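A.B. asks:
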Amino acid sequence: MRHKYDEKKIRRVIGEKVQFVQGDASAVYGALLAGCSFFAGYPITPASETAELMSKLLPKAGGVYIQMEDEIASMGAIIGASWAGAKTMTTTSGPGFSLMQENIGYACMTETPCVVIDVQRSGPSTGQPTEGSQGDMMQARWGTHGDHEIIALSPNSVQETLDLTIEAFNLSEKYRTPVILLTDGEIGHLREKCVMPEKGEFEIIDRKGPTVGRDKYVPFQADESLVPSMARFGDGYHVYVTGLTHVEKGYPSTSSAEDHDRLVRRLVDKIEKNRKSITMVEKDYQKGSKIAILAYGASARPSAAAVRKLRRKRKKVDFLRLITIWPFPNEEVRELADRVDRIYVPEMNLGQLVHPIREAAEGRAKIIQVPRIGGPLHTPKEIMDAMRKKA
Amino acid sequence: MNVRFCGFGGQGIVMAGYITGSAAVRDGKKATQTQSYGSESRGGACKSDVAISEEEIYELESEEVDLLVAMSQQAYERYIKTLRKGGILAFDEDLVTPKKTAHKLYKIKATDLAHKKFGREIVANMIMLGYITSISGFVSKDSMIQTILDNVPKGTEKMNEDAFELGHRLGSKVK
Numbered sequence: 066m067r068h069k070y071d072e073k074k075i076r077r078v079i080g081e082k083v084q085f086v087q088g089d090a091s092a093v094y095g096a097l098l099a100g101c102s103f104f105a106g107y108p109i110t111p112a113s114e115t116a117e118l119m120s121k122l123l124p125k126a127g128g129v130y131i132q133m134e135d136e137i138a139s140m141g142a143i144i145g146a147s148w149a150g151a152k153t154m155t156t157t158s159g160p161g162f163s164l165m166q167e168n169i170g171y172a173c174m175t176e177t178p179c180v181v182i183d184v185q186r187s188g189p190s191t192g193q194p195t196e197g198s199q200g201d202m203m204q205a206r207w208g209t210h211g212d213h214e215i216i217a218l219s220p221n222s223v224q225e226t227l228d229l230t231i232e233a234f235n236l237s238e239k240y241r242t243p244v245i246l247l248t249d250g251e252i253g254h255l256r257e258k259c260v261m262p263e264k265g266e267f268e269i270i271d272r273k274g275p276t277v278g279r280d281k282y283v284p285f286q287a288d289e290s291l292v293p294s295m296a297r298f299g300d301g302y303h304v305y306v307t308g309l310t311h312v313e314k315g316y317p318s319t320s321s322a323e324d325h326d327r328l329v330r331r332l333v334d335k336i337e338k339n340r341k342s343i344t345m346v347e348k349d350y351q352k353g354s355k356i357a358i359l360a361y362g363a364s365a366r367p368s369a370a371a372v373r374k375l376r377r378k379r380k381k382v383d384f385l386r387l388i389t390i391w392p393f394p395n396e397e398v399r400e401l402a403d404r405v406d407r408i409y410v411p412e413m414n415l416g417q418l419v420h421p422i423r424e425a426a427e428g429r430a431k432i433i434q435v436p437r438i439g440g441p442l443h444t445p446k447e448i449m450d451a452m453r454k455k456a
Numbered sequence: 008m009n010v011r012f013c014g015f016g017g018q019g020i021v022m023a024g025y026i027t028g029s030a031a032v033r034d035g036k037k038a039t040q041t042q043s044y045g046s047e048s049r050g051g052a053c054k055s056d057v058a059i060s061e062e063e064i065y066e067l068e069s070e071e072v073d074l075l076v077a078m079s080q081q082a083y084e085r086y087i088k089t090l091r092k093g094g095i096l097a098f099d100e101d102l103v104t105p106k107k108t109a110h111k112l113y114k115i116k117a118t119d120l121a122h123k124k125f126g127r128e129i130v131a132n133m134i135m136l137g138y139i140t141s142i143s144g145f146v147s148k149d150s151m152i153q154t155i156l157d158n159v160p161k162g163t164e165k166m167n168e169d170a171f172e173l174g175h176r177l178g179s180k181v182k
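Protein chains in written order, with the working numbering: chain A, 66 to 456; chain B, 8 to 182.
1) Measuring only the C-alpha atoms, how far is V382 of chain A from L97 of chain A?
2) Under 9 angstroms Cβ-Cβ, which residues of chain A neighbour T41 of chain B?
3) Using the three-state DSSP reduction, which class does T191 of chain A fall into: helix, strand or coil?
4) What number of angstroms, rounded off, separates the C-alpha of G145 of chain A from the C-alpha of S141 of chain B?
5) List the residues of chain A that G28 of chain B touches, going by C-beta distances under 7 angstroms, in chain order.
6) Considering only DSSP beta bridges, list what L246 of chain A is partnered with.
7) So that I know if they touch, is there some Cβ in chain A lying closer than 8 angstroms to that of Y25 of chain B?
8) Report all residues from its chain with a CB closer than 6 angstroms to the CB of G24 of chain B; omit the five preceding and five following residues, and keep chain order.
9) Any beta carbon of chain B sitting closer than 8 angstroms to that of K446 of chain A?
10) Helix, strand or coil: which one does DSSP assign to Q286 of chain A?
11) So L246 of chain A and D183 of chain A are supposed to be a Cβ contact under 8 angstroms. How far apart are they, rounded?
12) Output, in sequence order along the chain, the residues in the segment 140-174 of chain A whose CB is closer than 8 angstroms to any CB in chain B.
13) Check whether the Cβ of L67 of chain B lies closer than 8 angstroms to any Cβ atom in chain A.
14) Count the CB pairs spanning the segment 260-273 of chain A and the segment 126-146 of chain A that are closer than 8 angstroms, and state whether there are at least three.
15) Beta strand (DSSP E) containing I390 of chain A: first to last residue?
16) Can you pull out the residues from the segment 117-129 of chain B whose beta carbon lies closer than 8 angstroms to at least one beta carbon of chain A?
17) By how many angstroms is the C-alpha of Y70 of chain A removed from the C-alpha of F103 of chain A?
18) Could you tell me which of A:A151, A:A205 and A:R186 sits nearest to A299 of chain A, measuring between CA atoms?
19) At a Cβ cut of 9 angstroms, what residues of the segment 367-400 of chain A count as close to chain B, listed as they run along the chain?
20) Exposed or buried, which one is V72 of chain B when buried takes at least 16 other CB atoms within 10 Å?
21) List the residues of chain A whose Cβ lies closer than 7 angstroms to the Cβ of E70 of chain B, in chain order.
22) With a cut-off of 8 angstroms, do at least 3 Cβ pairs link the segment 344-357 of chain A to the segment 402-416 of chain A?
23) Would you mind telling me which residues of chain A sit closer than 9 angstroms to A38 of chain B, beta carbon to beta carbon, in chain order?
24) DSSP state of E173 of chain A, grouped into three classes?
25) I need the boundaries of the beta strand (DSSP E) containing E412 of chain A, first residue and last residue.
26) Would you list the one or two residues that DSSP bridges to F12 of chain B?
27) Tell me whether T319 of chain A is buried or exposed, calling it buried when 16 or more other Cβ atoms sit within 10 Å of its Cβ.
28) Quick check on V32 of chain B - is its C-beta less than 8 angstroms from some C-beta in chain A?
29) Closer than 8 angstroms by C-beta to L67 of chain B: which residues in its own chain qualify, once you throw out the five before and the five after it? Chain order, please.
30) Is G88 of chain A closer than 8 angstroms to G253 of chain A when the C-beta atoms are compared?
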């Protein structure tokens, strides 16, 4: 697929520079600005607005929109289109995200850049369609089987949904890996002011193409970056793509421990070794704090409100917000655990990221869950009440 | 300033919230709007919260609101406890029978007027928006009208604007 990034056209399609829109809409704007030219999806609450808006805007921006028969096919389509040279995306919610897991593993193994936006809702199963949740944090990490690394980001506002969608495309192109944007029904349906960034205010990264001739090209041979260059289907390069363990030429090698070890370690290392540059957090620390709130996504909003209320009462409290979820910001969490005695973790689930947080803290601080499920966000009071009870 | 619109699905509760938040941003303020509704598209309980501030907004769903707009008895009963002491309750008097509470009460026959004057009950939300814009003054009238005109279906602009103006006039009489 040859798609020319036409900024003027994209901005015309997006409309006004400042808009009062939902997170689901700003995700679409971010995708368009990042150069997304192919979308395949299946509508599901609370992600339907992304598909609806994409269906209206993407064809006008010169891209292709396909409504698929289900989420398995949606994931397959964006992988195929990515190999044809497009920047691709799908959007879904918990039940659909579950169906995508097999092909997300295929995208990891075949090093296919693509973006999946999961607007999380209350589960398990079809659960509560219109209620937000943070129930897929671990599914994003381990939903697909086998050893792998994944990149996942989580926005706490409409503006950040746009910004992180662009970032998701850039990371997926740079590291040739699926990137998950873990938003949720609260942020997806929240309306806020959103400002479209100007040219120069954001970066656009494109995957590396082959630098050698067709006779010398080895499709899965990586340089020191550990990320191989990616030839586009139809350009005449010989490319063999398989989910089976493969050698650098792409051909299956299904019983060699060495080949498997070499491949899978490289897939893990290309992300793991770049953990520092992938990690994004927001830190707001006060000298002498003994307690902290650690949050992410939608629940970071009432958490930030609780922090402000506590500080108005002259209580010292640290605040750490995770923006990158996977790879997990171990160092940043450990640093916080060194500063304080107790870390409170409000999550819209019965305990997911609290586990890697505990692991990263290595016992240096007590980690206390503040769980909430079934829809509405935590209230700041609920978080403050939990902090009053000395666990 | 926190506003909560509540009623049932199909009354334009979310639209009212959207218009209000969008108009506040047009006024140069910060605003957030959230919505909560069931899977059914019409008839279920529905609410939309709008927060307006000069500063960053962290509380998306306020524990206490300054203005409660109630368009059904069920919604009134569910949310009246979230209205702060001395806050404003604006309600459709044919649909809500309020109890005696420590709030400022403003009643209007929004749905009935929408039916009688415009032949369309759907503009009851616009009448209500005009009414609360007038009694509370938290968003400018100009921004509200401009936002309405930008967002209602083509061909219905005048009816919606007229409905807003009617509510606004009635509001300025009781202020």
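Ideal Cβ placement from N, Cα and C applies to all residues, glycine included.
Being a predicted model, the structure only gives us computed values, none of them experimental.
C.D. replies: Quick look at the numbers:
1) Within the first sequence, numbered from 1, the residue matching residue 382 of chain A stands at position 317. Within the first sequence, numbered from 1, the residue matching residue 97 of chain A stands at position 32. Their Cα atoms are separated by approximately 39 angstroms.
2) Position 34 of the second sequence holds residue 41 of chain B. Per Cβ cutoff of 9 angstroms: E251, H254, L255, R256 and L442.
3) Position 126 of the first sequence, counted from the first residue, corresponds to residue 191 of chain A. In the structure shown, T191 of chain A sits in coil (DSSP, three-state: anything other than H, G, I, E or B).
4) What you label residue 145 of chain A is simply residue 80 of the first sequence in a count that begins at 1. What you label residue 141 of chain B is simply residue 134 of the second sequence in a count that begins at 1. Between G145 of chain A and S141 of chain B, the C-alpha separation is close to 56 angstroms.
5) Position 21 of the second sequence, counting from 1, holds the residue named residue 28 of chain B. Those within 7 angstroms of G28 of chain B in chain A are F85 and R256.
6) For the purposes of this step, residue 246 of chain A is taken as residue 181 along the first sequence, with counting starting at 1. According to DSSP, which records beta bridges pairwise, L246 of chain A is partnered with A:I182 and A:L218.
7) Reading the second sequence from its first residue, position 18 is the one you call residue 25 of chain B. For Y25 of chain B, the answer is yes, since a Cβ of chain A falls inside 8 angstroms of its Cβ.
8) Position 17 of the second sequence, counting from 1, holds the residue named residue 24 of chain B. Counting only Cβ-Cβ distances below 6 angstroms, and skipping sequence neighbours, we find F12, Q40, S55 and V57.
9) The residue given as residue 446 of chain A occupies position 381 in the first sequence. At least one chain B Cβ lies under 8 angstroms of K446 of chain A.
10) Position 221 of the first sequence holds residue 286 of chain A. If DSSP states are grouped into helix, strand and coil, Q286 of chain A belongs with coil.
11) The sequence position of residue 246 of chain A within the first sequence is 181, counting from 1. The sequence position of residue 183 of chain A within the first sequence is 118, counting from 1. Indeed, because the Cβ distance is near 7 angstroms, the residues count as touching under 8 angstroms.
12) none
13) Here residue 67 of chain B corresponds to residue number 60 of the second sequence, with the count starting at 1. Yes, its Cβ sits closer than 8 angstroms to a Cβ of chain A.
14) Touching, no, given that fewer than three Cβ pairs across the two stretches are closer than 8 angstroms.
15) Within the first sequence, numbered from 1, the residue matching residue 390 of chain A stands at position 325. T389 to W391 is the span of the beta strand (DSSP E), which, as asked, contains I390 of chain A.
16) none
17) Looking up residue 103 of chain A in the first sequence gives position 38. Looking up residue 70 of chain A in the first sequence gives position 5. The alpha-carbon atoms of F103 of chain A and Y70 of chain A are separated by roughly 12 angstroms.
18) The residue you call residue 299 of chain A lines up with position 234 of the first sequence. The residue you asked about is not Ala; residue 299 of chain A is Gly in the sequence shown. If we check each option's Cα against that of G299 of chain A, A:A151 comes out closest.
19) P367, S368, A369, A370, A371, V372 and R373
20) Sequence index remark: in the second sequence, residue 72 of chain B carries index 65 (1-based). Buried, by the Cβ-count rule.
21) Counted from its first residue, the second sequence places residue 70 of chain B at position 63. Correct list: T444 and K446.
22) Touching, yes, given that three or more Cβ pairs across the two stretches are closer than 8 angstroms.
23) Counting from one through the second sequence, the residue named residue 38 of chain B turns up at place 31. Listed by position along chain A, the residues whose Cβ is nearer than 9 angstroms to that of A38 of chain B are F85, R256, E257 and K258.
24) In the first sequence, the residue the question calls residue 173 of chain A occupies position 108. The sequence shown places Cys at residue 173 of chain A, not Glu. Helix at C173 of chain A.
25) Counted from its first residue, the first sequence places residue 412 of chain A at position 347. It spans R407 to E412 - the beta strand (DSSP E) in which E412 of chain A sits, taken as one unbroken run.
26) Along the second sequence, read from residue 1 onward, the residue named residue 12 of chain B stands at position 5. Answer is B:S55 and B:V76, bridged to F12 of chain B.
27) Taking the first sequence and counting its residues from 1, one reaches residue 319 of chain A at position 254. So T319 of chain A ends up on the exposed side.
28) The residue labelled residue 32 of chain B in the question sits at position 25 within the second sequence. Yes, its Cβ sits closer than 8 angstroms to a Cβ of chain A.
29) Sequence index remark: in the second sequence, residue 67 of chain B carries index 60 (1-based). By the criterion of a C-beta distance shorter than 8 angstroms, L67 of chain B is surrounded in its chain by T39, T41, D56 and A58, once the five residues flanking it on both sides are discounted.
30) On the first sequence, position 188 is the one that residue 253 of chain A refers to. On the first sequence, position 23 is the one that residue 88 of chain A refers to. For G253 of chain A and G88 of chain A, yes; Cβs fall inside 8 angstroms.
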